Amino acid sequence: MRTPGMLAIAAMPLLAACTGNPFGGVVCTDDARPGVIVQLRQAPDGSELSGPATVIVRDGTYADTAHVPAGMSSAGLAHERAGVYEVVVRKFGYTDWKRAGVAVEDGECHVRTVRLRADLQPTPQG
Numbered sequence: 171m172r173t174p175g176m177l178a179i180a181a182m183p184l185l186a187a188c189t190g191n192p193f194g195g196v197v198c199t200d201d202a203r204p205g206v207i208v209q210l211r212q213a214p215d216g217s218e219l220s221g222p223a224t225v226i227v228r229d230g231t232y233a234d235t236a237h238v239p240a241g242m243s244s245a246g247l248a249h250e251r252a253g254v255y256e257v258v259v260r261k262f263g264y265t266d267w268k269r270a271g272v273a274v275e276d277g278e279c280h281v282r283t284v285r286l287r288a289d290l291q292p293t294p295q296g
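In the working numbering, the protein residues as written are 171 to 296.
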């Protein structure tokens, strides 16, 4: 038979998600965390830049693509996947932004998210 006190104790590990558990061990959440988050910025001043844009991450044969819609300025990719990535950002009117060797590591519960700032250079007018 359960009492209200027993329900509170049973719920405690859920509140301790991804942290120390008062009953020992670690309890992890079931949400998917991005391995890489890319924030779009305008070079050279660093002001926020919104989509549309495309962000691609590659690690060997694995690839993930995110489309950043107008009004948004960031994308999360490679959810719960450790690896060493090449990251490319493409936006019309700007030179492709690239970064190689982006290492995403496994954590105790989730990957350790790497946050990147992509400073996009406008393409020269020809």
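Quick reminder that beta carbons are idealized off the backbone N, C-alpha and C, glycines included.
Since this is a predicted model, take the numbers as computed values, not measurements.
Asked                                                                                                          : Found
For a test of the three-state rule: what should DSSP assign to Glu218, helix, strand or coil?                  : strand
Quick check on Gly271: does DSSP put it in helix, strand or coil?                                              : strand
Around the Cβ of Ala270, are there at least 16 other Cβ atoms within 10 angstroms (buried) or fewer (exposed)? : exposed
Figure out for me which residue from Gly277, Asp266 and Gln209 has the closest Cα to the Cα of Val238.         : Gln209
Helix, strand or coil: how does DSSP classify Gly230 here?                                                     : coil
With distances taken Cα to Cα, identify the nearest neighbour of Gln291 among Leu219, Ala248 and Gly246.       : Leu219
Buried or exposed: Gly205, going by 16 or more other Cβ atoms within 10 Å of its Cβ?                           : buried
Between which two residues does the beta strand (DSSP E) harbouring Gln209 extend?                             : Val206 to Gln212
Give me the Cα-Cα distance between Tyr264 and Asp215, rounded to the nearest whole angstrom.                   : 15 Å
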